[in-house]
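**Student:** Supplied in structure tokens, the structure appears directly below.
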Amino acid sequence: MKVAVTGADGFIGSHLVEALVRAGADVVAMAQYNSVGSWGWLEDLPADVLDGVEVRLGDLRDAGTTSSALAGASVVYHLGALIAVPYSFDAPRSYVETNVLGTQNVLEAVRRESSRLVHTSTSEVYGSALSVPISEDHPLQAQSPYAATKIAADKLVESYVAAYGVRAVTVRPFNTYGPRQSARAFIPAVMAQALAGRTTVRVGSLSPRRDLTFVADTVAAFRAVGELDDDPWNGATFNAGTGSSWSMGHVLHEIARVVGVHLDVDTDAERVRPPAAEVRHLECDASRLRAATGWEARSSLREGLEATRAWMAEPRHFGSYKPDLHQV
Ligand SMILES: NC(=O)c1ccc[n+]([C@@H]2O[C@H](COP(=O)([O-])OP(=O)(O)OC[C@H]3O[C@@H](n4cnc5c(N)ncnc54)[C@H](O)[C@@H]3O)[C@@H](O)[C@H]2O)c1
Numbered sequence: 413m414k415v416a417v418t419g420a421d422g423f424i425g426s427h428l429v430e431a432l433v434r435a436g437a438d439v440v441a442m443a444q445y446n447s448v449g450s451w452g453w454l455e456d457l458p459a460d461v462l463d464g465v466e467v468r469l470g471d472l473r474d475a476g477t478t479s480s481a482l483a484g485a486s487v488v489y490h491l492g493a494l495i496a497v498p499y500s501f502d503a504p505r506s507y508v509e510t511n512v513l514g515t516q517n518v519l520e521a522v523r524r525e526s527s528r529l530v531h532t533s534t535s536e537v538y539g540s541a542l543s544v545p546i547s548e549d550h551p552l553q554a555q556s557p558y559a560a561t562k563i564a565a566d567k568l569v570e571s572y573v574a575a576y577g578v579r580a581v582t583v584r585p586f587n588t589y590g591p592r593q594s595a596r597a598f599i600p601a602v603m604a605q606a607l608a609g610r611t612t613v614r615v616g617s618l619s620p621r622r623d624l625t626f627v628a629d630t631v632a633a634f635r636a637v638g639e640l641d642d643d644p645w646n647g648a649t650f651n652a653g654t655g656s657s658w659s660m661g662h663v664l665h666e667i668a669r670v671v672g673v674h675l676d677v678d679t680d681a682e683r684v685r686p687p688a689a690e691v692r693h694l695e696c697d698a699s700r701l702r703a704a705t706g707w708e709a710r711s712s713l714r715e716g717l718e719a720t721r722a723w724m725a726e727p728r729h730f731g732s733y734k735p736d737l738h739q740v
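Our numbering numbers the first residue of the sequence shown as 413 and each following residue consecutively.
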């Protein structure tokens, strides 16, 4: 079966491509065009896996390259997006262009091809939890341009299902971590500093709580949803998360334990979100996904952090991180 993945050059997308190839799928991987011909994290895939992937460089903001990359796929996994919350404060328009117009280009392509779409949302669309655990019925609250554009993309998908009969489902992952995550995120940022031998790490706020899912579990959620029958699930949204949440302070403590060091903390004002934009608590109710597919997160936080440390400590991986720079 031919399937396509957008955002295949990214953190979650590269793991999804790897899992789909290993499961025997014929995978087209759409990566963002760049002048140096980089395939992003796809280049970290073992050669025997990468051999089975057709990489297409393009741009989601461009209808032509998007539709030609996705042509002929029976399932399109749409993960491509701008995803950093802090950078969305600096460059909101680029988020509208990529996440909203880009998703519309994907929808037009799947509509034309009669493909099935697995769209990617995010737990950030819920904003600070009004009650936990958060089910799919929790109100949507945009506390950042990132969240606003993801809500708009989700609603476009909903409208294409209703108006044009497009076949689509939405996966709404809670915070995901693991090998290949960029250093803008809390876990790789702290782990890179710890592995570089820093004993005082620069961090933002340690009080927000997040439901942290190891990337292999998130990928398993995508695959499970990708295999669901349209009836009765067409148009459905599925939360994917563990059902537990941890404060960033606790996560920092766990990272120190896994790396085997003591870490002091230096709060860096640049890493703290504006108060009204800070999402204080996210904790997932994944019962719909569990009921539909039997999916459950398997990795504990400790196991996931161990796997992340082992990967990041390899010199060829560690070399791509800049522990002393704060990059949004
Ligand atoms: N990482 C998380 O914790 C998390 C949680 C919930 C949801 N998500 C969602 O999962 C998806 C993947 O996130 P990720 O963490 O792998 O992020 P990522 O930034 O590693 O991957 C996104 C990819 O999209 C590509 N992209 C961006 N703009 C593009 C464009 N104009 N044209 C083509 N490609 C473009 C980038 O090259 C990048 O590789 C996103 O939709 C994100 O919103 C992520």
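Idealized CB from N, CA, C, for every residue including glycine. Owing to the predicted nature of the structure, the values given are computational and were not obtained by experimental measurement.
Of the choices Glu-690, Phe-586 and Leu-469, whose alpha-carbon is the least far from that of Pro-498?
**Tutor:** By 1-based counting over the sequence shown, the position of residue 498 is 86. The shortest C-alpha separation from Pro-498 is found at Glu-690.
**Student:** In terms of residues, what are the limits of the alpha helix (DSSP H) holding Lys-567?
**Tutor:** Taking the first residue of the sequence shown as 1, we reach residue 567 at position 155. 557 to 576 is the extent of the alpha helix (DSSP H) around Lys-567.
**Student:** Quick one, which of Arg-692, Glu-682 and Val-670 has its alpha-carbon nearest Ser-659's?
**Tutor:** Here residue 659 is taken as the residue at index 247 of the sequence shown, counted from 1. Closest by alpha carbon: Arg-692.
**Student:** Which whole-angstrom value describes the C-beta separation of Asp-566 and Thr-582, a residue pair presumed to lie in contact below a C-beta threshold of 8 Å?
**Tutor:** As a first step, residue 566 is located in the sequence shown; it is residue number 154 there, counting from the start. As a first step, residue 582 is located in the sequence shown; it is residue number 170 there, counting from the start. Confirmed, Cβ separation roughly 6 Å.
**Student:** Closer than 8 Å: is that where the CB of Ser-479 sits relative to any heavy atom of ligand 1?
**Tutor:** In the sequence shown, counting from the first residue as 1, residue 479 sits at position 67. Flag unset: Cβ of Ser-479 not near ligand 1.
**Student:** Express the C-alpha separation of Thr-561 and Ser-540 in angstroms, rounding to a whole number.
**Tutor:** Working through the sequence shown from its first residue, we reach residue 540 at position 128. Working through the sequence shown from its first residue, we reach residue 561 at position 149. Spanning the two alpha carbons is a distance of roughly 17 Å.
**Student:** Tell me the DSSP secondary structure of Met-660 in three-state form.
**Tutor:** Residue 660 sits at position 248 when you count from the first residue of the sequence shown. Looking at Met-660 - three-state DSSP - the assignment turns out to be helix.
**Student:** Mapping DSSP to helix, strand and coil, what is Tyr-489?
**Tutor:** Translated into the one-based positions of the sequence shown, residue 489 becomes position 77. In this structure, Tyr-489 counts as strand in the three-state DSSP scheme.
**Student:** Could you please give me the residues that DSSP links to Asn-651 through a beta bridge?
**Tutor:** For the purposes of this step, residue 651 is taken as residue 239 along the sequence shown, with counting starting at 1. In the DSSP output, where bridge partners are listed per residue, Asn-651 has Arg-584.
**Student:** Counting C-beta neighbours from all protein chains within 10 Å, is the total for Ala-365 16 or more, i.e. buried, or is it exposed?
**Tutor:** This structure does not reach residue 365, given that the chain is present from 413 up to 740, and the question cannot be answered.
**Student:** Could you tell me the distance, in whole angstroms, from the CA atom of Asp-736 to the CA atom of Ala-595?
**Tutor:** Walking along the sequence shown from the start, residue 736 turns up at place 324. Walking along the sequence shown from the start, residue 595 turns up at place 183. One C-alpha to the other measures close to 10 Å.
**Student:** Beta carbon of Thr-588: closer than 8 Å to some heavy atom of ligand 1?
**Tutor:** Indexing the sequence shown from 1 puts residue 588 at position 176. Thr-588 Cβ: within cutoff of ligand 1.
**Student:** For the stretch 624 to 633 and the stretch 414 to 429, state whether three or more C-beta atom pairs, one from each stretch, are separated by less than 8 Å.
**Tutor:** The stretch 624 to 633 is in contact with the stretch 414 to 429.
**Student:** Determine the contact status of Val-530 and Val-487, defining contact as a CB-CB distance below 9 Å.
**Tutor:** By 1-based counting over the sequence shown, the position of residue 530 is 118. By 1-based counting over the sequence shown, the position of residue 487 is 75. Against a cut-off of 9 Å, the Cβ pair of Val-487 and Val-530 comes out as a contact.
**Student:** With DSSP as the reference, label His-665 as helix, strand or coil.
**Tutor:** As a working mapping, residue 665 is identified with position 253 in the sequence shown. Of the three classes helix, strand and coil, the one that applies to His-665 here is helix, per DSSP.
**Student:** Given 8 Å as the limit, is there contact between the stretch 442 to 450 and the stretch 647 to 656, that is, 3 or more CB pairs closer than that?
**Tutor:** With a cut-off of 8 Å, the stretch 647 to 656 and the stretch 442 to 450 do not count as touching, because too few Cβ pairs lie within range.
**Student:** Between Val-440 and Val-433, how many whole angstroms is the CB-CB distance? I'm expecting something under 8 Å.
**Tutor:** Stepping through the sequence shown from its first residue, residue 440 is reached at position 28. Stepping through the sequence shown from its first residue, residue 433 is reached at position 21. Rounded, the Cβ-Cβ distance is 11 Å, inconsistent with contact.
**Student:** Helix or strand or just coil, what does DSSP make of His-550?
**Tutor:** Counting from 1 along the sequence shown, the entry for residue 550 is found at position 138. Coil at His-550, not helix or strand.
**Student:** Determine the direct distance from the alpha carbon of Phe-423 to that of Cys-696, and round the result to whole angstroms.
**Tutor:** Sequence index remark: in the sequence shown, residue 696 carries index 284 (1-based). Sequence index remark: in the sequence shown, residue 423 carries index 11 (1-based). Going from the Cα of Cys-696 to the Cα of Phe-423 covers about 21 Å.
**Student:** Note down the Cα distance separating Ser-547 from Arg-700, rounded to an integer number of angstroms.
**Tutor:** Locating residue 547 in the sequence shown gives position 135, where the first residue counts as 1. Locating residue 700 in the sequence shown gives position 288, where the first residue counts as 1. Using only the alpha carbons, I get a separation of about 8 Å.
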